[in-house]
Every structure is written in structure tokens, then in C-alpha cells.
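Following: one structure in C-alpha cells, then a few remarks.
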Amino acid sequence: MRKIITILLLSIVAVGISLSLAKIPFGQPKTKVGTRYIDKGIEETGAVNIVTSVVVSYRGFDTLGEVTVLFIAATGLGAVLRIAKTKAAAIEPASFVLQTGCRVLFPLILVFGSYIFIHGHLTPGGGFQGGAIIASAFVLIYLGCREKRISEKMSTTLESLGGVIFVVVGLIGLAVGGYFLLNFLPKGQPYLLLSAGIIPVIYIAIGFKVGSELAGIIDNLIEESQ
Amino acid sequence: MSFLENYAFYIGAFGLILIGLYIILVKHNLIKVIIGLAILDTGVNLFLISIGYITEGTAPIFSGSETNGQQMVDPVPQALVLTAIVIGVAVLALALSLAIRLYHHYGTLNLREIREQKW
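Going line by line, the protein sequences match chains A and B.
Going by this note's numbering, the first residue of the first sequence is number 1, and it counts up by one from there.
Going by this note's numbering, the first residue of the second sequence is number 227, and it counts up by one from there.
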């Protein structure tokens, strides 16, 4: 009964959606703002990667909000799981091959993640992607060397540092030029690593923040499962 | 054929969204409801990306040799989805942690039984 009602409801929704979607052409430029960002992006922000210039520069304030959402989700997870935490039982160590493989791969993945978020304004990638890659290195450590844990203090410090750098850079812009997240550093020559003013700084801060938050989430969930 | 070529991405994206909604509305197992949430999330992301697509378009990144911005896809939906994916993961983790707490409290993941037990 419940299934039939649900299917009926969803088919009504589907008909409504398909009627409205039929009027949206596929594969044609739709927004003027997108073309404007592509035309003026390099000149205005100095970043070659237009997606990065939208995320960090044009809509930097939105990104601050999104980072806050991520922070609240991670904190909420910690708070929900912290109640009545049981003592972890003795863990059987992983095999020697697995442990050595993790130890070899761990720094390499960290370097790759840092590369992704440092070059966020030049190549595909950025703080969010690089942070996710860094968190995947910690997943590997948790699965391979199961007795190892990242220190909670360090992960919290990195997370707060990332957030503070983001806000402080924005506030300096407010003090120097009159609005939040103003690009006050020289933009430099496009296509070089040291270009685009504050964009690499903010993206590195986001990379640290996202990486430590996702690693903290994984840490909490794994502790709970033991 | 041209209909499918034009609307394949929309159909796929809304197919995922409807499948996710169906799972959320019908299933009783909390873990399955969370899986439905994840499918819904993927569908929304795919829809946003396909809205911004331009036929034969390239990624909105300038490389040294090519400075022609005419054939680039819309960067705004990509920027939105970029953050939405990471937030989706975090929200999923929060939902799973709530499921873990519920399981500790009630000893079951069946939503119908949880509703009957109240406290």
C-alpha cells in the first residue's frame, strides 16, 4: 500500500519535472555570469582555473559558509559519538606486508594531496579535492596500521588554523581596501605558481581544514566501530 | 535518437533523484534510508553539472597554448558541486553517527520499531 502511494506520488513529481525540464535546452550556454567569469576571470583574479576563481574569489564568502557547514557536521559527529565512549579493545595488528605498504604510501599520498591544493589556481584541483586526498591517506593508515592514531590535538589545531587564516585574510582585505576577501596581494603573471594574490593562500588553508576535518570524521567513526 | 542525446543526462540525474526519494520514503532500515540520501545527493550533483554543460565544451581552465574561452563549460555549477560533494560526505557521516547512536539506544535499526518504542 505504502509502496503504491509512493510510486504514485513520485510519478506525479516526475511528470512535473519532465514538463519543466523539456524547456531547458541541453548543451547550450545558459548563464551570462558564467561567460563573464570566463572572459574576465584571469584579468580580475589572476587565477587560470576559472572554477577556483569562482570558488575562492568571486564567491569566497559562500565558500566560507560551506566550510562552516563542514565544520559543524564534523563537530556534530564528534559530539554525537562522544557520549559514553567505551574503552577500545586490544587490536590485532595487520600483516607485515600491509603495514610496510601503508608506511611507504602514506607520505606519497600526503605529498600528492598538497600538490593538488597548492596548484589549485593553475590545474584541476584545489583545497577541497586535496583535503579529501589527504584524508584518504589517513584511511589507509587506519586500515593498515590499526594501532596508529593521529593525535586529536594536532588535527584540531590544523583545522582551527585553516579557519583562522581564511577569516584573517578576508579581514585584512576589509581593512586595506574596504570589502571582505579583497584580493590585496599582487596578482602577478598568470600561469605561474606565485600568482593570483590571496587565492593560493586561502586554498591552502581550506586544504588543511578539509583534510583534518575528514580525517577527524574517519577517526571518530573507526573508534566507534572498535 | 536526438531526444535521448539531448536529455540523457537530465533523465539519468532525475532517475537517481527519484530512486533516492523512493528509498527514503519506502524503506524501514535506517542504513538503507541513508543510502537513499547518498543516491539523492549524487543525482542532484549530476543534474547541476549537466545544466552547465556546453556541447563539445572543455574544462574551464586556461592552459598556455589555448586562450579561447568560447568552448568552455559554465564554471558556476562546477564550483557549486565541488563544495557540495565534500559537504555531502560530511552530512552522510553525521547521519551514520546518528544511526549508530540510535542503534545503541534501541538495539534496532528498523524505523517502524523505533517509532513504536518511543523512549
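Virtual Cβ for every residue (Gly too), placed ideally from N, Cα, C.
These numbers were taken from a predicted model, which means no experiment stands behind them.
9 Å Cβ cutoff met for residue i and residue j
i         : j         : result
Met298(B) : Ile24(A)  : no
Phe180(A) : Ile206(A) : no
His121(A) : Ala196(A) : yes
Gly76(A)  : Ser289(B) : no
Thr31(A)  : Gly283(B) : no
Pro301(B) : Ser53(A)  : yes
Gly211(A) : Gly126(A) : no
Glu159(A) : Glu92(A)  : no
Leu251(B) : Val13(A)  : no
Ile260(B) : Leu242(B) : no
Thr309(B) : Val55(A)  : yes
Phe112(A) : Ile141(A) : no
Phe184(A) : Ile199(A) : no
Phe273(B) : Tyr329(B) : no
Glu224(A) : Ile313(B) : no
Ile204(A) : Ala74(A)  : no
Ile109(A) : Ala137(A) : yes
Val48(A)  : Ile287(B) : yes
Phe128(A) : Leu161(A) : no
Tyr332(B) : Ala22(A)  : no
Ala325(B) : Leu263(B) : no
Glu43(A)  : Ser57(A)  : no
Val307(B) : Ile275(B) : yes
Asp267(B) : Leu318(B) : yes
Ile202(A) : Gly60(A)  : yes
Gly46(A)  : Gly188(A) : yes
Leu194(A) : Leu182(A) : no
Residue i - DSSP class collapsed to helix/strand/coil
i         : result
Met1(A)   : coil
Asn232(B) : helix
Asn336(B) : strand
Gly188(A) : coil
Gly27(A)  : strand
First through last residue of the alpha helix (DSSP H) which encompasses residue i
i         : result
Ile280(B) : Where Ile280(B) is concerned, there is no enclosing alpha helix (DSSP H), given that its DSSP letter is neither H nor E.
Phe138(A) : Gly127 to Gly144
Arg103(A) : Phe96 to Ile118
Thr63(A)  : Gly60 to Arg82
Cross-strand partners of residue i (DSSP beta bridge)
i         : result
Asn49(A)  : Ile287(B)
Asn255(B) : Asn336(B)
Met154(A) : Its beta-bridge partners do not exist; DSSP assigns none.
- [ ] Check each residue of the stretch 194-226 of chain A: if its Cβ is closer than 9 Å to any Cβ of chain B, include it; give the result in chain order.
- [x] When CB distances to chain B are screened at a threshold of 9 Å, the residues of the stretch 194-226 of chain A falling below it are Val210, Glu213, Leu214, Ile217, Ile218, Asn220, Leu221, Glu224 and Ser225, in chain order.
- [ ] Please list the residues of the stretch 26-46 of chain A that have a C-beta atom closer than 9 Å to any C-beta atom in chain B, keeping them in chain order.
- [x] Per Cβ criterion, the list reads Phe26, Gly27, Gln28, Pro29, Lys30, Thr31, Val33, Gly34, Thr35, Tyr37, Ile38, Asp39, Gly41 and Ile42.
Task: Interfacial residues, the stretch 154-178 of chain A to chain B, with Cβ spacing under 9 Å - done: The residues in question: there are none.
TODO: Closer than 7 Å, Cβ to Cβ, to anything on chain A: give me those residues from the stretch 236-261 of chain B, in chain order.
DONE: Within the stretch 236-261 of chain B, Tyr236, Phe240, Leu244, Leu247, Tyr248, Leu251 and Val252 place their CB atoms closer than 7 Å to a CB of chain A, listed in sequence order.
Open item on the list: For the stretch 266-281 of chain B, list every residue whose C-beta sits within 8 Å of some C-beta in chain A, in sequence order.
Closed with: From the stretch 266-281 of chain B, only Ser276, Ile277, Gly278, Tyr279, Ile280 and Thr281 have a Cβ closer than 8 Å to chain A.
Open item on the list: To be precise: take each residue of the stretch 56-70 of chain A, compare its Cβ to all Cβ atoms of chain B, and keep it if any distance is under 7 Å. Which residues remain?
Closed with: Look at the stretch 56-70 of chain A: the residues with a C-beta under 7 Å from a C-beta of chain B are Arg59, Thr63, Glu66, Val69 and Leu70.
TODO: Scan the stretch 133-147 of chain A for residues whose Cβ lies nearer than 8 Å to a Cβ of chain B and list them as they occur along the chain.
DONE: Under the 8 Å Cβ criterion, the stretch 133-147 of chain A contributes no residue.
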